[in-house]
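Working notes, beginning with the structure itself.
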Amino acid sequence: MYLSKYFLPNLKETPKEAEIVSHRLMLRSGMVRQQSAGIYSWLPLGLKVLRKIEGIIRDEQNRAGAVEILMPTIQSADLWRESGRYDVYGKEMLRITDRHKRDMLFGPTNEEMVTDIFRSYVRSYKDLPLNLYHIQWKFRDEVRPRFGVMRGREFLMKDAYSFDLDAEQARVAYNRMFVSYLRTFERMGVKAIPMRADTGPIGGDMSHEFLILADTGESGVFCHRDYLNLPVPSGDVDFDNADQLQEIVSTWTGPYAATDEMHDESEWQSVAKDDQLAARGIEVGHIFHFGTKYSDAMNAKVAGPDGAEHPVHMGSYGIGPSRLVGAIIEASHDENGIIWPESVAPFDLGLINLKSGDADTDAACENIYTSLTNAGLDVLYDDTDQRAGGKFARMDLIGLPNQLIVGPRGLANGEIELKNRKTGARQSLTIEAAINQLGGK
6 MYLSKYFLPN LKETPKEAEI VSHRLMLRSG MVRQQSAGIY SWLPLGLKVL
56 RKIEGIIRDE QNRAGAVEIL MPTIQSADLW RESGRYDVYG KEMLRITDRH
106 KRDMLFGPTN EEMVTDIFRS YVRSYKDLPL NLYHIQWKFR DEVRPRFGVM
156 RGREFLMKDA YSFDLDAEQA RVAYNRMFVS YLRTFERMGV KAIPMRADTG
206 PIGGDMSHEF LILADTGESG VFCHRDYLNL PVPSGDVDFD NADQLQEIVS
256 TWTGPYAATD EMHDESEWQS VAKDDQLAAR GIEVGHIFHF GTKYSDAMNA
306 KVAGPDGAEH PVHMGSYGIG PSRLVGAIIE ASHDENGIIW PESVAPFDLG
356 LINLKSGDAD TDAACENIYT SLTNAGLDVL YDDTDQRAGG KFARMDLIGL
406 PNQLIVGPRG LANGEIELKN RKTGARQSLT IEAAINQLGG K
């Protein structure tokens, strides 16, 4: 993509409403524009990151056996009355009346709707286990939306819902999602640690939040240092092997880990001082088993092997892709801007022409751009006539993993410069060597 033809509205000054690093950098780099409190338009750069995150989530959900659907944003209030949640959910629910005076709502979550879909089609235990997921926009009318996309009113959510015959099979479904989440966050280049979570009024014994460690995180985190080095399951993990899944989950829930809300000081003191890690974290995922709460209320039953009708055991599994964009920035930035992990970066490479209009420099950049694009890399080519300092600052701000710098002085010596955004390391290479090194990734 030629920068001269791209829409990348960078800001020199930080807007006053931006309270945290990710909000400041997302606004300054032109990733989003705030339309009203807690509601954002996603501009081209931000949308590319959001789609990268969605792709990884979708890939890992499919790998774990979940099946994608797409449910609407607007829901009937009747389903929520049936479950008993309509009158108790609170003011966060945006309630709507349509032209026929029917009560509707902008969905804050989808337990009721997915249960209705399930009960409409599934009659037998032979059709289980089943896990249905979608990636859809949600709305919760937060009393005080803040921190940009980290706590907005409109947000993108991946929510999955599992259906099983009994509690034992439901635990296997829960473990599938637990392991899938470990892989998902690892692929995004961040370290997410599962923490014991409060099950609240729903009850049950299975609930975990996944938190990214970040100095600016909203939650206090207390965990064993072993979590920093625990091996994440590889791509060949067998999601149909219940014993293998349980072994992984046991490994990842064995050492102490809790947010400040669930922290047990007596347990914490049993951890050796050198192994204690007290930090801050940002919640990016939540998995939750709630048994037959919705299937009982909404009569979602299947015929079991004994011929009798059984309410299905359910779980829900959420990841916030839009929230993750901000969380990754909080965990990966410096004083100059964002540092994207390669897997979610909006572009693989920033190509900087230090003297646009110079015939030799332009020709070299065109050759590099064509070669790397043909090799499958997504390149942002800064072909503008801006001064070099401004080009360097913009590339650091938007955080692409690598920068390839081409100017007349280097070309006179047969060299161009490759800069790694994360480490700051620079290499002088021939054009051919740079193309081979980058194109071979």
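In the numbering used here, the protein residues as written are 6 to 446. The beta carbon of each residue, even a glycine, is placed where N, CA and C say it ideally should be. Please read all numbers here as calculations on a predicted model, not as lab measurements.
By the DSSP assignment, the beta strand (DSSP E) with residue i in it spans what residues?
| i | result |
| --- | --- |
| Gln442 | Gln442 -> not in any beta strand (DSSP E); alpha helix (DSSP H) instead, spanning Ile436 to Gly444. |
| Gly323 | His318 to Ile324 |
| Lys424 | Ile421 to Asn425 |
| Val3 | It is not possible to answer for residue 3, since the shown part of the chain is limited to 6 through 446. |
| Gln80 | Ile79 to Ser81 |
| Ser125 | Unbroken run through Ser125 is the alpha helix (DSSP H), Glu116 to Tyr126; no beta strand (DSSP E). |
| Gly355 | Leu354 to Asn358 |
| Tyr91 | It is not in any beta strand (DSSP E) - Tyr91 carries neither H nor E in the DSSP assignment. |
| Asp169 | Glu159 to Asp169 |
| Arg100 | Leu99 to Thr102 |
| Pro37 | Just to set this straight, residue 37 is Val in the shown sequence, not Pro. First-last of the beta strand (DSSP E) with Val37: Val37 to Ser41. |
| Leu216 | Ser212 to Leu218 |
| Val384 | Val384 to Asp387 |
| Phe12 | Phe12 -> no beta strand (DSSP E), and no H or E assigned at all. |
| Asp108 | Asp108 to Phe111 |
| Ile200 | Inspection of the sequence shows that residue 200 is occupied by Met rather than by Ile. First-last of the beta strand (DSSP E) with Met200: Ala197 to Arg201. |
Using a threshold of 8 Å, state whether the C-beta atoms of residue i and residue j are closer than that.
| i | j | result |
| --- | --- | --- |
| Gly286 | Thr264 | yes |
| Met182 | Ala197 | no |
| Asp388 | Ser348 | no |
| Leu385 | Leu8 | yes |
| Val289 | Ile217 | yes |
| Asn341 | Asp280 | no |
| Leu16 | Leu32 | yes |
| Leu133 | Phe160 | no |
| Glu117 | Leu75 | no |
| Leu98 | Ser81 | Rather than Leu, the amino acid found at residue 98 in this sequence is Met. No. |
| Glu420 | Thr435 | yes |
| Ser185 | Ala69 | yes |
| Met162 | Gly355 | no |
| Gly404 | Ile343 | yes |
| Met303 | Ser41 | no |
| Met193 | Ile25 | no |
| Arg124 | Phe144 | no |
| Leu250 | Phe244 | yes |
| Ile4 | Ile357 | This structure gives no information on residue 4, because the portion of the chain shown stretches from 6 to 446. |
| Lys96 | Asp146 | yes |
| Thr78 | Trp142 | yes |
| Thr120 | Tyr11 | no |
| Val195 | Pro346 | yes |
| Val237 | Glu191 | yes |
| Leu135 | Ser327 | no |
| Glu59 | Ala219 | no |
| Pro20 | Gly35 | no |
Using CA coordinates, which residue listed in the options is at the minimum distance from residue i?
| i | options | result |
| --- | --- | --- |
| Pro150 | Ile61, Gly312 and Gly43 | Gly43 |
| Ser212 | Asn180, Ala302 and Leu52 | Asn180 |
| Arg188 | Ala277, Glu65 and Ile410 | Glu65 |
| Gly323 | Phe215, Glu22, Asn341 and Leu405 | Phe215 |
| Met267 | Asp279, Asp203 and Ala277 | Asp203 |
| Asp171 | His294, Glu159, Arg399 and Glu335 | His294 |
| Lys424 | Asn379, Ala417 and Asp353 | Asp353 |
| Gly296 | Gly51, His315 and Met193 | His315 |
| Pro406 | Lys427, Leu416 and Glu73 | Lys427 |
| Ile140 | His291, Glu191 and Glu73 | Glu73 |
| Pro260 | Ala438, Lys278 and Asp231 | Asp231 |
| Glu437 | Arg431, Asp390, Phe397 and Cys370 | Cys370 |
| Val254 | Ile292, Asp103, Asp383 and Leu55 | Ile292 |
| Gly240 | Leu443, Tyr138 and Asn67 | Asn67 |
| His338 | Glu18, Pro20, His28 and Leu13 | His28 |
| Leu382 | Gln432, Gly445 and Ser433 | Gly445 |
| Arg201 | Ser433, Ala23, Asp269 and Leu233 | Asp269 |
| Arg392 | Leu359, Ala71 and Leu416 | Leu359 |
Could you give the first and the last residue of the continuous alpha helix (DSSP H) run that contains residue i?
| i | result |
| --- | --- |
| Asn372 | Ala364 to Asn379 |
| Pro49 | Pro49 to Arg68 |
| Tyr138 | Per DSSP, Tyr138 belongs to no alpha helix (DSSP H); it is in the beta strand (DSSP E), Leu135 to Phe144. |
| Gln174 | Ala172 to Arg192 |
| Met454 | In the structure as shown, the chain begins at 6 and stops at 446. Residue 454 is therefore absent and cannot be evaluated. |
| Arg414 | Pro413 to Ala417 |
With a threshold of 8 Å between beta-carbons, can residue i be considered close to chain C, or not?
| i | result |
| --- | --- |
| His139 | As a matter of chain content, chain C is missing from the structure shown, which is built from one protein chain. |
Less than 7 Å between the CB of residue i and some heavy atom of the ligand FMN, yes or no?
| i | result |
| --- | --- |
| Ser327 | Looking for the ligand FMN in the displayed structure turns up nothing, as the structure carries no ligands at all. |
*Segments of 3+ residues assigned as beta strand (DSSP E) that fall wholly inside the stretch 223–311*: 224–229, 262–264, 281–296 and 306–308
*Are three or more beta carbon pairs between the stretch 406–414 and the stretch 359–379 nearer than 8 Å?*
Contact between the stretch 406–414 and the stretch 359–379 is present, with at least three C-beta pairs closer than 8 Å.
*For the 8 Å Cβ check, are there 3 or more pairs between the stretch 47–54 and the stretch 105–121?*
As far as the Cβ criterion goes, the stretch 47–54 does not touch the stretch 105–121, which means the pair count is below three.
*Contact between the stretch 122–131 and the stretch 294–309: three or more CB pairs below 8 Å?*
yes
*Determine contact between the stretch 308–325 and the stretch 167–177, defined as no fewer than three beta-carbon pairs at a distance below 8 Å.*
Yes, the stretch 308–325 touches the stretch 167–177.
*Looking at C-beta atoms only, is the number of pairs between the stretch 216–234 and the stretch 269–286 that lie closer than 8 Å three or more?*
yes
*Are three or more beta carbon pairs between the stretch 331–339 and the stretch 153–167 nearer than 8 Å?*
yes
*Please specify which runs of the alpha helix (DSSP H), each continuous and at least 4 residues long, are wholly inside the stretch 322–348, giving them in chain order.*
Listed in chain order, they are 326–336.
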